[in-house]
Amino acid sequence: MGKTLRKGENPKKIAGNARKQEQLNKKVQEELSKLEASESAEWSKGAKKANKKKEELEAKKQEALRKKQERERLLKEEEASLPQSKGRRKGGAVKMAVKKNASLDAFLKGNDVDTYNASGLSSALDALDLLEKDSGVSNKDIDRHPERRFKAAYNAYEARRLPEIKSEKPGLRLVQVKELIYKEFQKSPENPFNQHTINFNASQAEMNSMKQSIRHKKELQFTQ
Numbered sequence: 001m002g003k004t005l006r007k008g009e010n011p012k013k014i015a016g017n018a019r020k021q022e023q024l025n026k027k028v029q030e031e032l033s034k035l036e037a038s039e040s041a042e043w044s045k046g047a048k049k050a051n052k053k054k055e056e057l058e059a060k061k062q063e064a065l066r067k068k069q070e071r072e073r074l075l076k077e078e079e080a081s082l083p084q085s086k087g088r089r090k091g092g093a094v095k096m097a098v099k100k101n102a103s104l105d106a107f108l109k110g111n112d113v114d115t116y117n118a119s120g121l122s123s124a125l126d127a128l129d130l131l132e133k134d135s136g137v138s139n140k141d142i143d144r145h146p147e148r149r150f151k152a153a154y155n156a157y158e159a160r161r162l163p164e165i166k167s168e169k170p171g172l173r174l175v176q177v178k179e180l181i182y183k184e185f186q187k188s189p190e191n192p193f194n195q196h197t198i199n200f201n202a203s204q205a206e207m208n209s210m211k212q213s214i215r216h217k218k219e220l221q222f223t224q
């Protein structure tokens, strides 16, 4: 049954307003549906990203385990091949290797991959590197031209930090955010100038000295 008209009301105007209201309601519902679909897509994307990260960490864990087992096998073979007198001296190196693997063992014993952060995994793999030839330090670890990598390194750092700082400090203008990022980068280990650098015309003796310094710093992480 239709709506009872009050005196002075225009039937056509009322019908027109009803249609407008219906159209508005429909448009609002469409926008809500789009928003819901967008949120669902973002949630699905986030879940897939989390699963991918978990799979990557698990793969790294398996690779670290394989490397550790290979190092232990080589150490045992080398120790067994030495004469008894030299074997006693070699024992110190074997014990050192065990200490260097302490962080790795902690990682490998963990059952929950999600709880093991990237810095922990990095430390574990660094411990393995110390058992490589030259303690895992090569010429490529020493940068003769950090200025060549500075721009690319900074752009990558800015691209990662820009959305993070915008979220952390929503009141800042873009220029302020970029200034803050640049100040951060000056002290960041991702800055090529904060990494192991040496003059482009450095001698082999200077290169060897730098390698020794890098090895010493790495060893201190696992022997203290």
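Counting along the sequence shown from 1, when you hit position 24 you're at 24 in the UniProt record's numbering, and nothing is skipped either side.
In this text, a Cβ means the ideal position worked out from N, Cα and C, and glycines have one as well.
Test item: CB-CB of E158 and I181 under 9 Å:
The sequence position of residue 158 within the sequence shown is 158, counting from 1. The sequence position of residue 181 within the sequence shown is 181, counting from 1. In contact: E158 and I181 (Cβ atoms closer than 9 Å).
Do you know whose CA, among A152, A153, K151 and K178, lies nearest E164's CA?
Sequence index remark: in the sequence shown, residue 164 carries index 164 (1-based). When only C-alpha atoms are compared, the closest one is K178.
DSSP three-state call for L65: helix, strand or coil?
In the sequence shown, residue 65 corresponds to position 65, counting from 1. Three-state DSSP puts L65 in a helix.
If R161 sits next to E184, beta carbons under 8 Å apart, how far is it from one beta carbon to the other, in whole angstroms?
Walking along the sequence shown from the start, residue 161 turns up at place 161. Walking along the sequence shown from the start, residue 184 turns up at place 184. Yes, R161 and E184 are in contact; Cβ-Cβ is about 7 Å, under 8 Å.
Residue burial classification, P170 (beta-carbon count within 10 angstroms, cutoff 16)
Counted from its first residue, the sequence shown places residue 170 at position 170. Exposed, because fewer than 16 other Cβ atoms sit within 10 Å of the Cβ of P170.
Where R173 falls: helix, strand or coil (DSSP):
Indexing the sequence shown from 1 puts residue 173 at position 173. It is coil, neither helix nor strand.
Take A118 and list the residues in its own chain whose beta-carbon comes closer than 6 Å to its own, dropping the five residues that flank it on each side.
What you label residue 118 is simply residue 118 of the sequence shown in a count that begins at 1. Residue placement at A118 is flagged as unreliable, the pLDDT there being 43, under the threshold of 50; the coordinate-derived value follows with that caveat. No residues qualify anywhere along the chain.
From the DSSP output, in three-state form, read off P192 for me.
Walking along the sequence shown from the start, residue 192 turns up at place 192. Reduced to three states, the DSSP call for P192 is helix.
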